[in-house]
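First the structure, in the form of structure tokens, and then the observations on it.
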Amino acid sequence: MTDLAGINRLLDNNRQWAEMVERTRPGLLADLARQQAPRYLWIGCADSRVPANEIVGLASGELFVHRNIANLVQHGDLNCLSVLQFAIDQLQVRDIILCGHYGCSGVRAVLREDSLGIAEHWLHPLRELAHRHQDELSRLEGGDAQVDRLCELNVLEQVRNLCRIPIVRRAWQRGQALSIHSWIYGLRDGLVRTLAPSLDGPSPAKAGL
């Protein structure tokens, strides 16, 4: 028989949260039920240790979030493309934050050449990225250093991919205010670091990408 104690605890937590929100910010939930108007789109890793809203101090309705294993942006991923189009064309977000994190399990698995089943196909572009930077990675001492460097390289690669997506390019061509930010989060200290200057146009070269 299934033990429902844990699930029931989540439902209790939800009731307490809803009461707290209504007590501290009266009317917020009713306002959010009518519409959302987030300024930011967050593209990040699905890792449970990287709660997007919490680490940047934003409340419900302020951050539109898309997450997957290893924060990848793939041109054939209809899920990601749909999120991008809705965020840019409908919500009119002004900032896209591509945020990876140090110690990413997906990155580590790629470097260890683990067998990952279905995820093996998903992470194939990351394997190719690791291969392209093999010389640089091999000069680093210790597996953690290699993992963290590939995490950084992966963020920069995904920002390049974002800049090439027609949805993003069309927004820039029509003069829509849209900036892309290359971030990485530290699990050990809880801090976000910027890996490259922000982009507000179709030239990745100016950000050193």
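Everything in the sequence shown is counted per the numbering used here, starting at 31 for the first residue and increasing by one. All residues carry an ideal CB built from backbone N, CA and C; glycine is no exception.
Who are the near neighbours of residue i in its chain, counting only those whose CB is closer than 7 Å to its CB and skipping five residues on each side?
i, result
"A160", "V140, L141, L167, L180"
"G231", "W202"
Quick one, are the C-beta atoms of residue i and residue j less than 8 Å apart?
i, j, result
"D77", "H131", "yes"
"S191", "H105", "Here residue 191 turns out to be Asn, not Ser, going by the sequence shown. In this structure, H105 lies closer than 8 Å to N191 by Cβ."
"V123", "P81", "no"
Going by DSSP, which residues form a beta bridge with residue i?
i, result
"A226", "S212"
"H131", "Y215"
Nearest by alpha-carbon distance to residue i: which of the options is it?
i, options, result
"N98", "F116, G87, G136", "G136"
"A60", "S90, L114, C75", "S90"
"G172", "R204, G133, A149, L153", "G133"
"H154", "A35, R64, N184, A67", "N184"
"W72", "F94, S145, A63, L41", "F94"
"Q188", "P68, L156, D119", "L156"
"A117", "R162, A207, G231, P232", "A207"
"L114", "R194, L58, I37, D165", "R194"
"A226", "E182, D219, L88", "E182"
Just to confirm the assignment, what range does the beta strand (DSSP E) spanning residue i have?
i, result
"C75", "70-75"
"R97", "93-98"
Along the chain, where does the alpha helix (DSSP H) containing residue i start, and where does it finish?
i, result
"L192", "173-194"
"L40", "35-54"
"V113", "108-115"
"D119", "First-last for D119: undefined, no H or E at that position."
So, at 8 Å on beta carbons, what are the nonlocal neighbours of residue i in its own chain, with the 5 sequence-adjacent residues on each side left out?
i, result
"V222", "I85, V86, C129, W213, I214, Y215, G216"
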